[in-house]
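Protein chains in written order, with the working numbering: chain A, 1 to 112; chain B, 1001 to 1112.
Below: the structure, in structure tokens.
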Amino acid sequence: GDSVTQMEGPVTLSEEAFLTINCTYTATGYPSLFWYVQYPGEGLQLLLKATKADDKGSNKGFEATYRKETTSFHLEKGSVQVSDSAVYFCALSDNSNYQLIWGAGTKLIIKP
Amino acid sequence: DSGVTQTPKHLITATGQRVTLRCSPRSGDLSVYWYQQSLDQGLQFLIQYYNGEERAKGNILERFSAQQFPDLHSELNLSSLELGDSALYFCASSVGQGSEQFFGPGTRLTVL
């Protein structure tokens, strides 16, 4: 079945560092891809999404590009802030039943 | 605030008991999804309803059931509870199938 694999955390960076969180997927069709963020004690918020190959999703300085050839959707940010500390989830949704299939989550810790 | 509400926020109960979790979707959203987030299994899709009808089932145990009412709110019923059912249960809603899902703050269930 469809699956999502993302890098294990925690990832610890200093403020203003460059961030990459890797995400790869396995899917039989052409899924939509998402990054969700979960701040401490809160629910899940959609950070960005891409619905077809070569699409780039972006929001709040975060970017991810849908790479069909490498089945990847890596999350990047040029300069992280302490407020970016959270757990980041990569997910996919196939276009038949629309359920979200999740990666394990990557905890990001940003130190001032 | 996503506009999705879930009650209660916290629930503590004993093994063998039955509980009901409630979700009110965003105004205008017809689809409701239930997800379970646990330490060992991560985030898993449980079930989806669209305009009162069940549309997709994921890893939902037979001890669990759900329904969506005519006013579009949804309830997730968990019975014969076990220690392993302790988790955060999220509800999400979307306008239609395949639309962006907006998540509620979750209900944290603790089974003692």
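Glycine residues also receive a C-beta, built at the ideal position from the N, C-alpha and C atoms.
Under a three-way DSSP split, which group does residue i fall into?
{"i": "G43/A", "result": "coil"}
{"i": "G1042/B", "result": "strand"}
{"i": "S1027/B", "result": "coil"}
Determine which residues share a DSSP beta bridge with residue i and list them.
{"i": "Q1048/B", "result": "Y1033/B, A1056/B"}
{"i": "F89/A", "result": "Y36/A"}
{"i": "L13/A", "result": "I110/A"}
{"i": "V1004/B", "result": "In DSSP, V1004/B forms no bridge with anything."}
{"i": "T1020/B", "result": "N1077/B"}
If you follow the beta strand (DSSP E) that residue i is part of, which residue opens it and which one closes it?
{"i": "G1106/B", "result": "No beta strand (DSSP E) contains G1106/B, which DSSP labels as neither H nor E."}
{"i": "L108/A", "result": "106–111"}
{"i": "G57/A", "result": "56–59"}
{"i": "Q1067/B", "result": "1064–1068"}
{"i": "N1077/B", "result": "1074–1078"}
{"i": "D77/A", "result": "According to the sequence as given, residue 77/A is Lys; it is not Asp. 75–77 is the extent of the beta strand (DSSP E) around K77/A."}
{"i": "A1087/B", "result": "1087–1094"}
If we cut at 7 Å on Cβ distances, does residue i have a partner in chain A?
{"i": "G1106/B", "result": "yes"}
{"i": "A1056/B", "result": "yes"}
{"i": "F1103/B", "result": "yes"}
{"i": "Q1067/B", "result": "no"}
{"i": "F1064/B", "result": "no"}
{"i": "G1042/B", "result": "yes"}
Counting only beta-carbon atoms, is residue i nearer than 7 Å to chain B?
{"i": "A86/A", "result": "no"}
{"i": "Q99/A", "result": "yes"}
Would you grab the beta carbon distance between residue i and residue j for me? Rounded to a whole angstrom, and I think it's under 8 Å.
{"i": "L1046/B", "j": "Q1037/B", "result": "Incorrect: roughly 11 Å between the Cβ atoms, too far for contact."}
{"i": "L19/A", "j": "F34/A", "result": "Not a contact, Cβ separation roughly 17 Å."}
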